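For reference, the structure discussed in these notes is given below.
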Amino acid sequence: MPAMNSGEESPNTMRESGFRANLHGASLADLVQMECLSGHERVIRISSGTDVGYLFFRGGQIVHAVSRRGIGETAALEILRWNDGTFEPCSAGWPDRDSISSNWQNLLLLSAQHRDELRQREEASGHNLVAFPGARSGVPRPTPSTLPPPSVAPVSTSTSSRLEASVSAEATAPMLAQVRAAVRIDQAGNVVSSKGDAGELSQVAAYAARLAELVGDGLGMLGLVSIEVTQRRSRTLIYKEKSGNTFALSAAPDADLTQVRERLGL
Amino acid sequence: MSADGISRALSALRDVAGVHGSFVLKPSGELLGKDLPAVFHDELFVEVGARLSRFVETMAADGDEVSSAVLRFDEHRLYVSRFTHGLLAVIAANEINAAALRMALTLTTRRLEPEILALMTNPPPPVVSTPSPSMTPPPVSVAGSHGVPRTYRGRVLTS
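Written out as structure tokens, the structure reads:
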């Protein structure tokens with residue numbers, strides 16, 4: 037990402053003493069490391085296509101970030117995912133409170149992880165991948181109102197963003213690594229998407245879910261939500277989506293499905 | 048151990064708040080005992096037991112035996128614990144201390160298993176049931192008997 041220092045500076049571009057650089061091939065990771073190691077208090081405006089974002093550096097950390105889509109960690113991670121564009125120091129106003137508590141190394145790691153996941157998804161596009169299901173409407177997913185209050189209370193949107201980022205990147209990734217196979221089947225039993233060797237899993241999930249519904253009906257328990265089975269060599273989770281589709285995954289026996297349950301609202 | 052004895056053993060599970068009741072099945076799904084409100088009559092478990100047994104078989108279709116399962120419904124959960132000679136199932140509310148229930152299940156299973164084994168190897172003598180009045184077939188009408196009109200193919204004969 038080259039730094040922009042032409043005459044087309046934005047109105048709030050900050051003019052200060054020192055060298056002006058024009059670096060081609062520099063990445064935002066380079067920028068972050070440079071700014072954080074310098075320890076300066078500075079706001080950097082980053083442009084990438086039509087996107088614009090701001091990173092706020094102070095005391096060797098990124099303490100705040102703003103993009104069109106969010107504030108805080110979410111914005112920082114979004115900006116750090118941009119592949120090309122320009123950056124420049126600017127005089128944007130500082131917030132009353134910091135919105136980022138993670139250190140810059142962690143942000144760069146998360147950003148790299150997101151890039152890897154994105155690349156894997158792109159490489160697998162056209163293949164039969166399983167998107168992780170969201171929670172049923174009846175069981176609310178964690179929202180800012182249901183989540184515990186943050187220890188530091190910056191802007192409310194950044195609170196939810198931080199938690200969202202940590203769930204998607206830090207918590208889900210290790211859990212997904214333990215998944216051996218996953219499959220989504222529609223109400224007719226057709227495989228909508230799958231991952232791994234999910235041939236038998238789809239049949240097992242479809243029949244087991246039906247039997248569980250019938251058992252529930254017999255005992256007066258309606259509305260099957262999920263089935264979790266612990267076996268000697270594996271763990272199986274079957275989840276009935278609001279759409280009527282059935283999502284199933286098979287994981288290692290020692291897999292910690294806590295994050296899955298949380299994500300599904302179980 | 049009698050069915051009453053099994054029920055007594057199962058009743059210990061109710062110590063865990065949120066447990067509505069429980070039942071024990073043979074691996075084949077036949078009901079061995081239950082500790083449930085009367086509304087859960089035995090006939091109910093002919094189908095429920097068979098289906099739950101098939102459910103466990105299905106999950107173990109690839110040879111990976113089931114240890115336990117949790118079936119979550121909108122307002123209830125069904126915990127199923129498999130042991131050597133049967134299945135123990137617990138009907139519970141969604142808000143339940145799962146750790147406490149797991150411990151209670153372990154203890155109850157330990158208590159039930161040898162007794163169920165004994166029950167299966169020495170089954171009680173079959174109970175000879177006497178037909179209840181409602182089960183007694185109606186008296187066969189004898190054509191022309193006193194006070195009973197004569198009929199032919201359901202129609203009362205007038206002559």
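Residue numbers (the working numbering), protein chains in the order written: chain A, 37 to 302; chain B, 48 to 206.
Beta carbons are placed, not taken as given, at the ideal position from N, Cα and C, and that holds for glycine.
The model shown is predicted, which means the values in this text are computed figures rather than measured ones.
- A contact is defined here as three or more CB-CB pairs under 8 angstroms, and the stretch 60-71 of chain A fails this definition with respect to the stretch 102-109 of chain A.
- Taking 7 angstroms as the cut-off, the beta carbon of isoleucine 115(A) is found closer than this to the beta carbon of isoleucine 82(A).
- Only residues of its own chain outside the window of five on either side were considered, and among them Val227, Val228, Ser238, Ala241, Ala242, Asn281, Thr282 have a CB closer than 7 angstroms to the CB of isoleucine 221(A), listed in chain order.
- Taking all protein chains in view, the Cβ of glutamate 90(B) is surrounded by fewer than 16 other Cβ atoms within 10 Å, so the residue is classified as exposed.
- Inter-residue distance for leucine 79(B) and leucine 293(A) is about 33 angstroms (C-alpha atoms, whole angstroms).
- Assigned with DSSP and collapsed to three states, glutamine 214(A) falls in coil, not helix or strand.
- Taking leucine 57(B) as reference, the option from Gly65(B), Phe70(B), Val63(B) with the minimal CA-CA separation is Phe70(B).
- In the displayed model, histidine 100(A) falls within a strand according to three-state DSSP.
- Note on the stretch 104-136 of chain B: there is no whole alpha helix (DSSP H) run with a minimum of 4 residues.
- At a cut-off of 7 angstroms between beta-carbon atoms, tyrosine 243(A) makes contact with chain B.
- Contact holds between the stretch 155-170 of chain B and the stretch 122-138 of chain B, because three or more Cβ pairs, one in each stretch, are under 8 angstroms apart.
- For phenylalanine 93(A), the CB contacts under 6 angstroms within the same chain, skipping 5 residues up- and downstream, are Glu71, Arg78 in chain order.
- Between glutamate 109(A) and serine 84(A) the beta-carbon gap is near 18 angstroms, outside 8 angstroms, which marks them as no contact.
- The alpha-carbon separation between asparagine 141(B) and arginine 133(A) amounts to approximately 40 angstroms.
- Around the beta carbon of glutamine 141(A), fewer than 16 other beta carbons sit within 10 angstroms, so the residue counts as exposed.
- Per the coordinates, the alpha-carbon of glycine 232(A) lies some 30 angstroms from the alpha-carbon of leucine 144(A).
- The Cβ of serine 279(A) sits no closer than 7 angstroms to any Cβ of chain B.
- Nearest to valine 66(B) by alpha-carbon distance, out of Ala108(B), His88(B), Leu166(B), Leu148(B), is Leu148(B).
- Distance from the Cα of glycine 89(A) is smallest, within the candidate group His150(A), Arg117(A), Ala148(A), for Arg117(A).
- Within a 10 Å sphere around the beta-carbon of alanine 148(A) sit fewer than 16 other beta-carbons, which makes this residue exposed.
- For the 7 angstroms CB-CB criterion, leucine 250(A) and arginine 98(B) form a contact.
- With fewer than 16 other beta carbons inside 10 angstroms of its own, valine 93(B) counts as exposed.
- Bridge partners of glutamine 267(A) according to DSSP: Val113(B).
- Contact annotation, phenylalanine 123(A) with leucine 73(A): C-beta distance approximately 16 angstroms; criterion of less than 8 angstroms not satisfied.
- Counting only runs of at least 3 residues, the stretch 64-95 of chain B fully encloses the following beta strand (DSSP E) elements, listed from N- to C-terminal order: 66-72, 78-82.
- Under the 7 angstroms criterion on CB atoms, leucine 285(A) is classed as non-interfacial with respect to chain B.
- Between threonine 105(B) and chain A, the shortest Cβ-Cβ separation is below 7 angstroms.
- Note: isoleucine 53(B) is not bridge-paired with any residue in the DSSP secondary-structure output.
- Of all alpha-carbon atoms in Gly75(A), Asp120(A), Gln267(A), Val99(A), the one lying nearest the alpha-carbon of aspartate 87(A) is that of Asp120(A).
- Residues are counted here when their Cβ sits less than 9 angstroms from a Cβ of chain B; for the stretch 259-272 of chain A these are Gly259, Leu260, Val261, Ser262, Ile263, Glu264, Val265, Thr266, Gln267, Arg268, Arg269, Ser270, Thr272, given in chain order.
- DSSP lists Arg220(A) as the beta-bridge partner residues of serine 229(A).
- Closest in alpha carbon position to glutamate 236(A), among His76(A), Lys278(A), Leu247(A), Ala218(A), is Ala218(A).
- With contacts defined as CB atoms closer than 7 angstroms, serine 128(B) and serine 100(B) fail to qualify as a contacting pair.
- For the pair aspartate 121(B) and glycine 252(A), the CB atoms are not nearer than the 7 angstroms cut-off.
- If you draw a straight line from the Cα of lysine 278(A) to the Cα of threonine 168(B), it comes to about 46 angstroms.
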